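Q: Dropping the structure in here first, questions after.
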Amino acid sequence: MIRNLLLFAFIGSVFSSSLTFAREFVPEKQKVRYEVLTERKDVIWGFDFLKDGRIIFTERGGKIFIFDPKTKRSTQVKGAPQVHARGQGGLLDIRVHPANGKIFLTYSEPANGKSATALAVAFLVGDELKSFKKIYTAHEASTSDIHYGSRIEFDGKGHVFFTVGDRNDRKRVQDLAYSNGKVIRLKEDGSIPEDNPFKKKGQRPEIFAYGIRSPQGLAFRPQTNELWLADMGPRGGDEINIIEAGKNYGWPDITHGREYYGPKIGEGTEKVGVVPSVVYWVPSISPSAIAFYDADVFPAWKGNVFVACLSGQQLRRLKLDGSRVVSQEVLLENVDRFRNVRSGPDGYLYLSTDSGKLGRLLK
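If you use mature numbering (1 follows the signal peptide of the UniProt record, and there is no 0), the sequence shown corresponds to residues -22 to -1, 1 to 341, in order.
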């Protein structure tokens, strides 16, 4: 069943120099349509587009489905891995390799009462995953059920990037012997690229960047091929960063967030050797995914970045001038906890929610 919802967007702009702080917005009504394509009973965490136009998506509880826009039906995919479906864990991101069609997916892998972020690859044959192969498991498993990270991206040069959250273990985020709070870069077969930045004894060679808390948004910018990452802070301090090899993004030493019960965290908001964020938010909006728009359906939005928000229950559009955020528009405010956003092959923006909806934004 498809439902068309007429909703309102609230527009506001925030201007600054190299660092943008977003808080207040001046509302202005603008009509947009949000079309719900299908509804499930579980969190739709990740989704991507198959070459035939169908949409493959994960339910965090551990199932994979394919939605056919022509028939409006969803078919379950066999061969999903066993997952640790507790807290924020479960079956998480899923991506279709743009060149060879292989399915890459991340999930919380059970490990004797603990769990760890894992990356796997498989072939989709009919409605089944075949030749399933786990190619990476984060070091090391934890009893915590939060901050798995897990968003996946390809650079088009034979590498796969994905995120691992801090797993609620802050002391390991700045430690290059652990994968907590890191961006991981691998070859697509799971091997380590020779030009990864950390090669000293005791450092994990798969690490590409570090100092990150709960990174659930990851996207390459089409115009520049920069890797942008959205990271959830604690109480405030959500941010977007441009990820570069070997760089430190500060957590938990440098943050605009506070403990949930009030006190400050770390040493302050800036430090030599820590890359400043492109934009940050206080209070939190909980950015769960980001996507750059490079299609023609919405010509005024070309080159903008869209942010799916959980606690903010909104889709947010950021207009850029270079790498600087010059204005923001809040779309679909107080509609749902938006878990993922992607630009579809038809030029529309697709969204998934924690309430189990998969939909798209229309004119």
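All C-beta atoms in this analysis are idealised placements derived from N, C-alpha and C, irrespective of residue type, glycine included. Here the structure is a predicted model, which means the values were calculated and not measured.
Which first and last residues belong to the beta strand (DSSP E) in which residue 249 is found?
A: Here residue 249 corresponds to residue number 271 of the sequence shown, with the count starting at 1. Premise fails: residue 249 is in no beta strand (DSSP E) and is neither H nor E.
Q: Could you check which residue in 231, 58 and 78 has the C-alpha nearest to that of residue 71?
A: Here residue 71 is taken as the residue at index 93 of the sequence shown, counted from 1. Taking only the C-alpha atoms, the option nearest residue 71 is 58.
Q: Where residue 111 and residue 305 are concerned, what is the direct C-alpha to C-alpha distance, given to the nearest angstrom?
A: Locating residue 111 in the sequence shown gives position 133, counting from the first residue. Locating residue 305 in the sequence shown gives position 327, counting from the first residue. Rounded to the nearest angstrom, the two C-alpha atoms are 43 Å apart.
Q: So what does DSSP say about residue 229, is it helix, strand or coil?
A: As a position in the sequence shown, residue 229 is number 251, starting the count at 1. Looking at residue 229 - three-state DSSP - the assignment turns out to be coil, as it is neither helix nor strand.
Q: At which residues does the beta strand (DSSP E) containing residue 313 begin and terminate?
A: Your numbering for residue 313 matches position 335 in the sequence shown. First-last for residue 313: undefined, no H or E at that position.
Q: Taking 8 Å as the cut-off, decide whether the C-beta atoms of residue 139 and residue 163 are in contact.
A: As a working mapping, residue 139 is identified with position 161 in the sequence shown. As a working mapping, residue 163 is identified with position 185 in the sequence shown. Yes.
Q: Could you tell me the alpha carbon to alpha carbon distance between residue 148 and residue 104, rounded to whole angstroms?
A: Start at 1 with the first residue of the sequence shown, and residue 148 comes out as number 170. Start at 1 with the first residue of the sequence shown, and residue 104 comes out as number 126. Whole-angstrom Cα-Cα distance: 43 Å.
Q: I need the boundaries of the beta strand (DSSP E) containing residue 51, first residue and last residue.
A: Reading the sequence shown from its first residue, position 73 is the one you call residue 51. Where residue 51 is concerned, the enclosing beta strand (DSSP E) stretches over 51 to 55.
Q: State the start and end residues of the unbroken beta strand (DSSP E) segment that holds residue 329.
A: Within the sequence shown, the letter at position 351 stands for residue 329. Residues 327 to 331.
Q: Identify whether residue 193 lies in helix, strand or coil by the three-state DSSP scheme.
A: For the purposes of this step, residue 193 is taken as residue 215 along the sequence shown, with counting starting at 1. Three-state result, residue 193: strand.
Q: Distance check for residue 326 and residue 256, CA to CA, integer angstroms please.
A: On the sequence shown, residue 256 is found 278 positions in, with the first residue counted as 1. On the sequence shown, residue 326 is found 348 positions in, with the first residue counted as 1. If you take the alpha carbons of residue 256 and residue 326, they lie about 26 Å apart.
Q: DSSP has residue 37 in a bridge; who is on the other side?
A: If you number the sequence shown from 1, residue 37 lands on position 59. DSSP lists 22 and 41 as partners of residue 37.
Q: How about residue 175 and residue 235: do their beta carbons lie closer than 8 Å?
A: If you number the sequence shown from 1, residue 175 lands on position 197. If you number the sequence shown from 1, residue 235 lands on position 257. Result no, Cβ atoms of residue 175 and residue 235 do not sit closer than 8 Å.
Q: Mapping DSSP to helix, strand and coil, what is residue 277?
A: Looking up residue 277 in the sequence shown gives position 299. Looking at residue 277 - three-state DSSP - the assignment turns out to be helix.
Q: From residue 108 to residue 249, what does the alpha carbon distance come to, in whole angstroms?
A: Start at 1 with the first residue of the sequence shown, and residue 108 comes out as number 130. Start at 1 with the first residue of the sequence shown, and residue 249 comes out as number 271. Taking the straight line joining both Cα atoms gives about 48 Å.
Q: Indicate whether the contact test is met: 3 or more Cβ pairs, each with one atom in the segment 66 to 84 and one in the segment 32 to 41, closer than 8 Å.
A: Yes, they touch.
Q: By a C-beta neighbour count over all protein chains shown, 10 Å radius and 16 as the cutoff for buried, is residue 269 buried or exposed?
A: The sequence position of residue 269 within the sequence shown is 291, counting from 1. That one is buried.
Q: What beta strand (DSSP E) runs, 3 residues minimum, are completely inside the segment 146 to 194?
A: Segments of the beta strand (DSSP E) lying fully in the segment 146 to 194: 160 to 165 and 185 to 188.
Q: In chain order, what residues of the same chain lie with their CB nearer than 8 Å to the CB of residue 252, ignoring the 5 residues before and after it?
A: Residue mapping note: residue 252 aligns to position 274 of the sequence shown, counting from 1. Same-chain partners within the cutoff: 189, 226, 227, 228, 231 and 232.
Q: If the criterion is Cβ atoms closer than 8 Å, does the pair residue 219 and residue 266 meet it?
A: One-based indexing of the sequence shown puts residue 219 at position 241. One-based indexing of the sequence shown puts residue 266 at position 288. Not a contact, by the Cβ cut-off of 8 Å.
Q: Compare the Cα-Cα distances from residue 124 to each of 89, 65 and 170 and report the closest residue.
A: Along the sequence shown, one-based indexing puts residue 124 at 146. The shortest Cα separation from residue 124 among 89, 65 and 170 belongs to 65.
Q: Indicate the three-state DSSP secondary structure (helix, strand or coil) for residue 48 in the structure shown.
A: Residue 48 sits at position 70 when you count from the first residue of the sequence shown. Residue 48 falls in the coil class under three-state DSSP.
Q: Pull the bridge partners of residue 70 from the DSSP assignment, please.
A: As a working note, residue 70 is residue 92 in the sequence shown. Residue 70 pairs with nothing; no bridge assigned.
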